[in-house]
Amino acid sequence: MKLNFRAPLSTAVAIGVGVVVLAGYFIPSLTEVRFILLRTGLVLAAVALLVGIINLLAVHFRKMGTNQTNSGYSLILVIALIATLVIGTVDMVQTYLIGRPNFQITNWVFTHIHLPIETSLMAVTTVSLIYAGAHILRKRLSIFSIIFFFVVLLVLLSSFSISTNYLPVFQSLRNWIIRIPALAGARGLLIGIALGSIAAGLRILTGIDRPYGG
Amino acid sequence: MMAEIICQMCGQANPEDQDTCQNCDARLSPLVASTPEDQIPEEPQDSPPDLTPVEDQTAAEDLPTPDLEDDDPSSWLDELRDDDEPDDDDLLPSSFADAEEPADADTDWLDRIKKLDGESADQEEEIEKTGDAFPSWMTADTETQPASEDHEPPDDSPEELPEWLQLETDELGLEPEEDQSGEEDADYQQLRELLGEDSEQEDPQPESREIPDAVQSGADREPPREEPKQEPDSEKEERASIFPSWAAEEKTHPPDIGEIDTEDIPADLQFLTGEEPAKEKTAESVDPFDIGGDDEEDLFDDLFEEDLPSWLTSAVDEDQDQDASAAISPGDLPGWVQAMRPVVEETGRSGLAEDEEYIENYGPLAGIASIIPAEADIESSKPGDATQSSLTLSVSKTQREYAELLEKVIGQESKSETVPEPVSAPTQRVLRWLITLLLIVTLGGAIIFGRGIENQPLNNSNQERSGHVALYELISDLEEEEPILIAFDYQPALLGELSYSASSVIDHLISQGVYISMISTQPTGPALAEYFIQTTQVKHEYAPGLNYINLGYLPGGAAGLLSFTIEPTKIIPLAFNGSNAWDSPPLAEVNAINDFSLILIITDDPTTAKIWVEQVQTSSTPDMGMIVSAQAEPLIQAYYHTSPRQISGYVAGVLGGYAYEQLSENPNLANTAWLPYNLGIILAAAVIFVGGLANGILTLVKGQNKGPRGEGSS
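Here the protein sequences line up with chains D and P, keeping their order.
Going left to right, the first sequence walks through residues 654 to 867 as our numbering numbers them.
Going left to right, the second sequence walks through residues 964 to 1677 as our numbering numbers them.
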């Protein structure tokens, strides 16, 4: 008879670690055990990031082999990843073995390639958001879309100095919107997240949810 | 020689002028036939009708005869007459009953004998087997007379038979002898006259004659007397096909009467053989009308129940039931039950009669009606019929219409519809490019040519409640060389907003002479921190490792942050540059998270801000300030507008940075970018307002032209 020990073992480990970490908040003697478990989890999270990078590389290698339409982008991604990895490895060797500080080559790549690309994407997003705001009443003409449309306009117009000085009503309206409706919505959202986190934690602790498999 | 009349009851010869038997007082001739015109003409005695088979006669000789000399045979008949059962004459029509009353006086006792014991199976069986109306033990006295030398041969000629017997025999549909047909017609005519019917309407076929109910009931009581006669083979076969197999077999092979012993005689008639019936088998008589109790309501309740009434069920003798069930073996039906099997009068060749009611002739279901005939189906489904059937499908007009409709529906499904391309695509692309050019030109011009323009100060009416004021006061309270922790947890895309918002705050911190430690939960955070220090705080000439230290990336999300809060020295032992972080001047006096004087989080994500508050913020931790993007401000306020405050102060967006610069009276990046920022907001608001208004009007116009539209329609 074939026995599957994987599922019971993983479930027992998950529930046991969760109970110990939770009990560490209330029992001082368990604080050291709790910290050991958290530090182990930290190392595992770093390893998981490395595993994720390897998986990403393998996926795009496969896409390159199938001659798909967007396989060129996969080639660029793989070349960039390998180049950055090589640069980071060289920088790490120089930093930790030779003593050249602060990863200068890596910083150069980040400053002159990564940062401009991301800020440019944000600029394009800004143009797209403006266009979407102008188009919202064409796509969906309802009471909620109209309210959303005028609230956006009100917050924008109250965000520059001319309105705050010469049109104080805009400033008052902006403060009221942010502090009353927006704050109430934020509090409700936080309470909902907290309740959901408690429920999810209890389900994992009791073994009802097993996101780790098994 | 004077003619003698043989009594049908006791067999004694009586003078011709006697109306009743000298022995048993039974009437020798019915009153109906007593009139002179109804006298039956004498027939030659050389051809007496043989009413019973020879076997019956010989068997009857063996039967013990009662002692007629010592006991009056009519006494037990008189006792039967005293029974409370209703007279059969009540069932007859009044005229017929009156006419038959003298005959009933002699014949009614036969019916009563048969009815007395409904379980006299042997008697019924014998009646059916012999086809005679009289049991063998009854006919023995009369039929065996010619065989004995002491008595004269019995005169069973039709003219000497009582007319009431002849009439009844004729009415039962029996086929008379050919030489007696004329007399039978006369008798039948006489009966028809008595019933008041027209003789001209009678059916010449005996089978189709309408038998009066009263006579028919009599026929039911007495099976028709059949006389053996020579029949052709074809007729025998036809008769065999008409009757069920078991009935036909009994007809062709009549039972041996000689085998009948005294046990075949019913219990009620055992006294005729001189034996006393077993008393223990006699059922206890119960008066059905005896309530047996004082409460009549119980009686009526029992009557209206579905089950048998209690007085009826109580009358059942359990011993008798047990004896009866033991006597009847399964599979061996009693004779009286077999006698109840209906005799099939006529069935067609296929087994179906005219009224389509089928009665099984063969097998264990013989005699049972309404059975699905197998022969008809077999005949209708001959093997050759399948090949002869046509393959052409006969379709009605309605079916053809339905088929055409189905074909039309399927044909429409298979057709492909050409979807026209949206004509608004070129217009949208132009609009996007128009917006892009407008923003580039406006903001570029403001950046290039707007440096000399003095910015308008903000309205400071609500500064006491603002987050940037609280943060400014908190930083102002810091002393030199106090360690502070700054988290750079934002994406590089938000560098433009957050660097302009945080530059004045970081500048204020550096101005205070504090040690700065930088950490990030984002992989790009350490590089961003280095870039920020090198681009915005160049003037302070802060040296890494001396005035500030970069702790690098903290993996693990919330768990990593909690671990760093508990044991920061063990989680991140080395700095981003590979040096021992905790031996450097910024962290020389720091062993735990509580040793920092201020924790400042720069983030664009409300979730990241929430994690920092939840995992790090405790009652013993130092003050926490935040520099967030404008999009995260509503969520951050929830931690600021509380008591006690979980966030001591915050700066949100470029607007907050500009306010902080004004408050610190130290113009920085926010001040330089203020004019393009304002122009960009105005331009964006104008585009959104004009475009939204135009699109809204177009949508309303289209909606009026096309009718009501759904909420989600585009």
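We treat Cβ as the ideally placed atom computed from N, Cα and C, and that holds for glycine.
Spatially closest choice to E1443/P from G1515/P, P1548/P, S1464/P, by CA coordinates:
P1548/P
F763/D lies in the alpha helix (DSSP H); which residues open and close that run?
Careful: F763/D lies outside any alpha helix (DSSP H) and carries neither H nor E.
Just verifying my parser: in three-state terms, what is the DSSP assignment at G1181/P?
Because G1181/P sits at a pLDDT of 43, beneath the cut-off of 50, its placement in the model cannot be relied upon, and the point is left open.
Could you compute how far the alpha carbon of I1482/P sits from the alpha carbon of F1495/P?
Cα to Cα, the separation comes out at about 13 Å.
Please report the straight-line C-alpha distance between I1373/P and T1355/P, rounded to a whole angstrom.
Straight across, the Cα-Cα distance linking I1373/P with T1355/P is about 24 Å.
Secondary structure at E1112/P, three-state DSSP: helix, strand or coil?
Interpretation of E1112/P is limited by its pLDDT of 43, a score under 50 that renders its predicted location unreliable; the figure taken from the coordinates is listed afterwards. E1112/P falls in the coil class under three-state DSSP.
Using the three-state DSSP reduction, which class does Y827/D fall into: helix, strand or coil?
First, the amino acid is wrong: residue 827/D is Arg here, not Tyr. If DSSP states are grouped into helix, strand and coil, R827/D belongs with the helices.
Write down every uninterrupted run of the alpha helix (DSSP H) in the stretch 1450–1534 of chain P whose length is 4 residues or greater and which is fully enclosed by it, in chain order.
1458–1475, 1488–1499, 1520–1529, 1531–1534
Run through DSSP, which three-state label would R793/D get?
Coil at R793/D, not helix or strand.
Going by C-alpha to C-alpha distance, which of S1627/P, Q1301/P, C970/P sits closest to D1470/P?
S1627/P
L1646/P by DSSP, collapsed to three states: which one?
helix
In the DSSP assignment, find the unbroken beta strand (DSSP E) run with T1605/P in it and report its ends.
No beta strand (DSSP E) contains T1605/P, which DSSP labels as neither H nor E.
According to DSSP, which residues form a beta bridge with T1566/P?
DSSP, once it has assigned bridges, lists D1452/P, V1591/P as partnering T1566/P.
Given this structure, state the Cα-to-Cα distance separating L1638/P from T1498/P, to the nearest angstrom.
A straight-line Cα-Cα distance of about 21 Å links L1638/P and T1498/P.
Can you name, in chain order, every residue of its own chain whose Cβ lies under 6 Å from the Cβ of Q985/P, other than the five neighbours on each side?
N977
Taking 8 Å as the CB-CB limit, is H1503/P close to chain D?
no
Output yes if chain D places a C-beta closer than 8 Å to the C-beta of Y1393/P; else output no.
It should be noted that the sequence gives Val, not Tyr, for residue 1393/P. No, V1393/P does not count as interfacial toward chain D.
Considering only the beta carbon of each residue, do P1698/P and Y1511/P sit closer than 8 Å?
Residue 1698/P is absent from the structure shown; chain P starts at 964 and stops at 1677.
Which parts of the stretch 702–757 of chain D are runs of the alpha helix (DSSP H), unbroken and 4 residues or longer, counting only runs that do not cross its ends?
724–746
Rounded C-alpha distance that separates R692/D from I732/D
34 Å
With a 10 Å radius around its C-beta and 16 neighbouring C-beta atoms as the bar for buried, classify K1573/P as buried or exposed.
K1573/P is buried by the Cβ-count criterion.
Please report how far the alpha carbon of D862/D lies from the alpha carbon of G1519/P, in whole angstroms.
So the two alpha carbons sit approximately 21 Å from each other.
Option in I1411/P, L1525/P, Y1463/P with minimal Cα separation from I689/D:
Of the candidates I1411/P, L1525/P, Y1463/P, the residue whose Cα lies closest to the Cα of I689/D is L1525/P.
Quick check on G860/D: does DSSP put it in helix, strand or coil?
coil
So which residues of chain D does E1596/P contact, with C-beta pairs closer than 9 Å?
Result: I831, A835.
Tell me whether G1612/P sits in a helix, a strand or coil according to DSSP, three-state version.
strand
If we cut at 8 Å on Cβ distances, does R856/D have a partner in chain P?
no
Quick one: does L774/D have its CB under 8 Å from some CB of chain P?
For L774/D, the answer is yes, since a Cβ of chain P falls inside 8 Å of its Cβ.
Taking Cβ positions, are G952/P and A1595/P nearer each other than 8 Å?
Here chain P has residues from 964 to 1677 only, and residue 952/P is not among them.
Please name the residue in A1366/P, P1536/P, T1566/P, Q1475/P whose C-alpha comes closest to that of Y1746/P.
Here chain P comprises residues numbered 964 to 1677, so residue 1746/P is not present and cannot be evaluated.
For T915/P, does the three-state DSSP call read helix, strand or coil?
Absent from the model: residue 915/P. The displayed extent of chain P is 964 to 1677, so no value can be given.
Should E1367/P be labelled buried (16 or more other beta-carbon atoms within 10 Å of its own) or exposed?
exposed
Nearest to S724/D (by Cα), restricted to the options L734/D, V712/D, I735/D
V712/D
May I ask you to list, following chain order, the residues of the stretch 692–708 of chain D that have a beta carbon less than 7 Å from some beta carbon of chain P?
R692, G694, L695, A698, A699, L702
Got a sec: which bits of the stretch 712–744 of chain D sit with their beta carbon under 9 Å from any beta carbon on chain P, in order along the chain?
Taken residue by residue, none of the stretch 712–744 of chain D has a beta-carbon sitting less than 9 Å from a beta-carbon on chain P.
What span of residues does the alpha helix (DSSP H) with A660/D cover, start to end?
659–677
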